[in-house]
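Data block below; observations after.
Numbering (this note's numbering), first residue to last: 4 to 522.
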């Protein structure tokens with residue numbers, strides 16, 4: 004195994020000390036070669052040699068500092084090649100923090116930093132000067148052992164068939180649906196058999212939860228140990244071509260959402276899992292509790308002020324997303340990443356009371372125009388619901404709206420998928436009227452959901468349990484019964500943000516922030 008250490012001349016002292024601690028890797032026959040730029044021979048082109056050695060390496064250690072980030076050669080040129088090879092699994096990247104620097108806002112912000120993401124090698128907080136170097140050597144020994152270990156083969160899942168296809172119930176009157184066996188609950192064989200598999204280089208350790216998109220698992224990188232949450236969709240045929248196009252385009256767009264209160268998304272991909280092609284999203288694994296945990300207890304004035312500060316951070320994160328500009332797959336300049344499903348379960352509060360927003364999936368809202376899809380089935384084909392953004396089905400005596408009773412061969416079935424009325428992405432009880440009824444997802448629907456979120460951060464009951472508030476005073480009385488002394492301005496914000504008509508709401512998230520600041 005070939006090990007390559009990349010560093011700037013300003014970090015040479017750190018390199019020399021680390022090299023001594025890594026000598027044990029040679030003694031254990033874990034590496035055959037340890038290369039660095041000082042080995043370039045006189046007369047050779049140092050840039051060409053370094054590039055060639057990177058491509059020939061199995062492991063590349065990066066010594067990260069402000070000088071490394073400021074280097075055009077290392078940060079702009081070589082790092083792109085290194086990350087490309089890392090993504091292709093041609094080599095493993097191990098970043099080492101030498102000195103304090105804003106690495107969290109760089110191309111490697113998603114990586115697991117050694118020896119500690121909070122403490123660089125130069126930190127005086129280490130017990131002894133040798134402690135961090137020894138920790139790096141121990142981590143590399145473990146990494147290489149894991150890298151060389153054979154991966155266990157995952158057991159095969161039983162094939163799905165028409166007999167055990169998802170049960171779908173559709174009410175012809177309001178077109179709301181339920182998926183008792185798939186959406187909201189993953190079949191047992193999927194939950195058990197997928198654990199232990201390696202997906203995108205991450206070994207799946209446990210099932211966490213599931214919803215309309217798919218299931219979420221806790222996973223760890225099979226080499227570095229970096230922990231992530233893997234969101235794995237139901238079979239890829241559950242989604243329309245337009246929706247898949249949006250998700251695939253997110254591979255370049257969603258990772259641009261670099262904000263301290265938005266979960267870092269590392270990658271989107273399509274993987275063959277359990278006999279079906281599935282969309283896989285890898286994101287940071289966040290430990291904490293749902294944002295509405297506060298409201299289960301009687302709130303004090305201090306709690307309310309703390310929640311207002313937390314809400315400001317959420318608003319700032321959404322405002323950042325709404326302002327983001329990018330070029331879509333058609334080469335058009337687009338502004339605004341829209342969340343579309345802001346709710347308490349999509350916001351985690353860390354132990355330091357930092358809110359982290361999850362599940363940004365919508366970006367180019369021009370793809371969210373309504374369309375109608377007709378699916379043909381026969382008894383030899385597994386029932387495959389497809390996403391539809393459509394008006395109610397036309398009158399058709401041959402159309403089947405309720406199954407699992409399969410349609411006759413060649414019969415047209417109008418299928419509405421996921422947990423939403425008319426199959427619009429979102430969650431019942433949090434969608435704006437135009438989102439639930441017409442499939443419109445835009446900045447105004449995010450504003451509506453931010454109003455509901457503020458209410459549910461301050462009250463133990465769901466906003467949707469109330470039939471409607473006719474004035475800010477109604478909201479204030481409802482909240483103050485539970486939390487006396489709550490700022491009256493908060494009820495004004497909730498009332499305006501949750502107006503049924505989009506034009507009557509705030510014009511932007513920035514306007515909400517202005518009102519919150521004066522509460």
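By construction, the Cβ of each residue, glycine as well, lies at the ideal position given by its N, Cα and C atoms. The structure presented is a predicted model; accordingly, all values stated were derived computationally and were not measured.
Three-state class that DSSP yields for residue 351 in the structure shown
If you number the chain shown from 1, residue 351 lands on position 348. Strand, per DSSP.
Review point. What's the call for residue 136, buried or exposed, on a 16-neighbour Cβ count within 10 Å?
Key: Start at 1 with the first residue of the chain shown, and residue 136 comes out as number 133. Buried: at least 16 other Cβ atoms inside 10 Å.
At what residues does the beta strand (DSSP E) containing residue 224 begin and finish? Counting from one through the chain shown, the residue named residue 224 turns up at place 221. That run of the beta strand (DSSP E) goes 217-224.
Can you look up residue 434 in the DSSP assignment and give me helix, strand or coil?
Stepping through the chain shown from its first residue, residue 434 is reached at position 431. In the structure shown, residue 434 sits in coil (DSSP, three-state: anything other than H, G, I, E or B).
Quiz item: Thinking just about the alpha-carbon of each residue, which of 345, 61, 485 is nearest to the one in residue 88?
Solution: In the chain shown, the residue the question calls residue 88 occupies position 85. If we check each option's Cα against that of residue 88, 61 comes out closest.
Notebook entry, point to check: Does DSSP put residue 65 in a helix, a strand or coil?
Noted result: Numbered from its first residue, the chain shown carries residue 65 at position 62. In the structure shown, residue 65 sits in a strand (DSSP, three-state: E or B).
Check your understanding: Could you give the residue range of the alpha helix (DSSP H) that holds residue 19?
Key -> Within the chain shown, the letter at position 16 stands for residue 19. Per DSSP, the continuous alpha helix (DSSP H) segment holding residue 19 begins and ends at 15-24.
How close, in whole Å, do the beta carbons of residue 122 and residue 99 come, if the pair is a contact with beta carbons under 8 Å?
As a working note, residue 122 is residue 119 in the chain shown. As a working note, residue 99 is residue 96 in the chain shown. No, residue 122 and residue 99 are not in contact; Cβ-Cβ is about 12 Å, not under 8 Å.
| query | What did DSSP end up calling residue 30 once you bin it into helix, strand or coil? | reply | Position 27 of the chain shown, counting from 1, holds the residue named residue 30. For residue 30, the three-state secondary structure derived from DSSP is helix.
Should residue 48 go down as buried or exposed, given a rule of 16 or more other Cβ atoms within 10 Å for buried? Against the chain shown, residue 48 aligns to sequence position 45. That one is exposed.
Distance check for residue 493 and residue 479, CA to CA, integer angstroms please. Taking the chain shown and counting its residues from 1, the one referred to as residue 479 is at position 476. Taking the chain shown and counting its residues from 1, the one referred to as residue 493 is at position 490. Using only the alpha carbons, I get a separation of about 8 Å.
- Does the beta-carbon distance from residue 263 to residue 316 come in below 9 Å? Taking the first residue of the chain shown as position 1, residue 263 is located at position 260. Taking the first residue of the chain shown as position 1, residue 316 is located at position 313. Taking 9 Å as the Cβ cut-off, residue 263 and residue 316 qualify as a contacting pair.
**Item:** Nearest neighbour of residue 435, chosen from 272, 499, 489, 484 [CA to CA]
**Value:** The count along the chain shown starts at 1 and reaches residue 435 at position 432. Looking at 272, 499, 489, 484, the one whose alpha-carbon comes closest to that of residue 435 is 499.
What does the alpha-carbon distance come out to for the pair residue 213 and residue 231?
Along the chain shown, read from residue 1 onward, the residue named residue 213 stands at position 210. Along the chain shown, read from residue 1 onward, the residue named residue 231 stands at position 228. Roughly 16 Å separates the two Cα atoms.
Extent of the continuous beta strand (DSSP E) to which residue 208 belongs: By one-based count along the chain shown, residue 208 stands at place 205. Segment 205-213, the beta strand (DSSP E) holding residue 208.
Q. Just the Cα atoms here: how many angstroms apart are residue 58 and residue 140?
A. Along the chain shown, read from residue 1 onward, the residue named residue 58 stands at position 55. Along the chain shown, read from residue 1 onward, the residue named residue 140 stands at position 137. Straight-line Cα distance between these residues: approximately 23 Å.
The beta strand (DSSP E) with residue 271 in it runs from where to where? Here residue 271 refers to the residue found at position 268 when the chain shown is read from its first residue. Where residue 271 is concerned, the enclosing beta strand (DSSP E) stretches over 268-276.
Using the three-state DSSP reduction, which class does residue 286 fall into: helix, strand or coil? Taking the first residue of the chain shown as position 1, residue 286 is located at position 283. Note: residue 286 maps to strand in three-state DSSP.
Close-in-space but distant-in-sequence residues of the same chain around residue 74 (CB under 6 Å, 5 per side omitted) = The residue you call residue 74 lines up with position 71 of the chain shown. Closer than 6 Å at the Cβ level, and outside the excluded window around residue 74, lie 11.
Which two residues bound the contiguous beta strand (DSSP E) that contains residue 36? Locating residue 36 in the chain shown gives position 33, counting from the first residue. It spans 36-39 - the beta strand (DSSP E) in which residue 36 sits, taken as one unbroken run.
_Taking DSSP's pairing of strands, which residues face residue 147 in a bridge?_
Your numbering for residue 147 matches position 144 in the chain shown. In DSSP, residue 147 forms no bridge with anything.
My parser needs the alpha helix (DSSP H) runs of 4 or more residues fully inside the region 453-519; what are they?
475-485, 491-500
Within the same chain, show all residues whose beta-carbon is closer than 6 Å to that of residue 322, passing over the 5 residues directly before and after it, in chain order. By one-based count along the chain shown, residue 322 stands at place 319. So the qualifying residues of the chain are 512, 513.
- Task: State yes or no: is the C-beta of residue 82 within less than 9 Å of the C-beta of residue 97?
- Result: Along the chain shown, one-based indexing puts residue 82 at 79. Along the chain shown, one-based indexing puts residue 97 at 94. Contact flag unset, no.
* Taking the CB atoms as reference points, tell me whether residue 448 and residue 429 lie closer together than 9 Å. => Here residue 448 is taken as the residue at index 445 of the chain shown, counted from 1. Here residue 429 is taken as the residue at index 426 of the chain shown, counted from 1. Yes, Cβ-Cβ distance for residue 448 and residue 429 is below 9 Å.
**Message:** Please report the straight-line C-alpha distance between residue 442 and residue 202, rounded to a whole angstrom.
**Reply:** By one-based count along the chain shown, residue 442 stands at place 439. By one-based count along the chain shown, residue 202 stands at place 199. Taking the straight line from one Cα to the other gives about 33 Å.
>> With a threshold of 8 Å, are at least 3 pairs of Cβ atoms found where one atom belongs to the region 484-491 and the other to the region 449-466?
In response: Touching, per the Cβ criterion.
**Request:** Give me the Cα-Cα distance between residue 235 and residue 476, rounded to the nearest whole angstrom.
**Result:** Position 232 of the chain shown, counted from the first residue, corresponds to residue 235. Position 473 of the chain shown, counted from the first residue, corresponds to residue 476. In a straight line, the C-alpha of residue 235 is about 44 Å away from that of residue 476.
**OP:** For residue 304, collect the residues of the same chain with a Cβ closer than 8 Å to its Cβ; drop the 5 residues on either side in sequence, then sort them by chain order.
**Re:** The residue labelled residue 304 in the question sits at position 301 within the chain shown. Result list for residue 304: 488, in chain order.
query = If you draw a straight line from the C-alpha of residue 310 to the C-alpha of residue 51, how long is it?
reply = In the chain shown, counting from the first residue as 1, residue 310 sits at position 307. In the chain shown, counting from the first residue as 1, residue 51 sits at position 48. Whole-angstrom Cα-Cα distance: 54 Å.
field: Outcome for residue 108 when other beta-carbon atoms lying within 10 angstroms are tallied against a minimum of 16
entry: As a position in the chain shown, residue 108 is number 105, starting the count at 1. Exposed, by the Cβ-count rule.
Identify which residue in 481, 326, 266 has its Cα closest to the Cα of residue 352.
Residue 352 sits at position 349 when you count from the first residue of the chain shown. Comparing Cα-Cα distances from residue 352 to each of 481, 326, 266, the minimum goes to 266.
So what does DSSP say about residue 183, is it helix, strand or coil?
Locating residue 183 in the chain shown gives position 180, where the first residue counts as 1. Annotation note: pLDDT 28 at residue 183 (below 50); position unreliable, coordinate value reported separately. Here residue 183 sits in coil by DSSP.
Using CA coordinates, which residue listed in 128, 113, 356 is at the minimum distance from residue 102? Within the chain shown, numbered from 1, the residue matching residue 102 stands at position 99. Out of 128, 113, 356, 128 has the C-alpha closest to the C-alpha of residue 102.
Looking at the structure shown, is residue 48 part of a helix, part of a strand, or coil, going by DSSP?
Your numbering for residue 48 matches position 45 in the chain shown. In the structure shown, residue 48 sits in coil (DSSP, three-state: anything other than H, G, I, E or B).
- [ ] Would you list the one or two residues that DSSP bridges to residue 281?
- [x] Indexing the chain shown from 1 puts residue 281 at position 278. Answer by DSSP bridge pairing, in chain order: 274.
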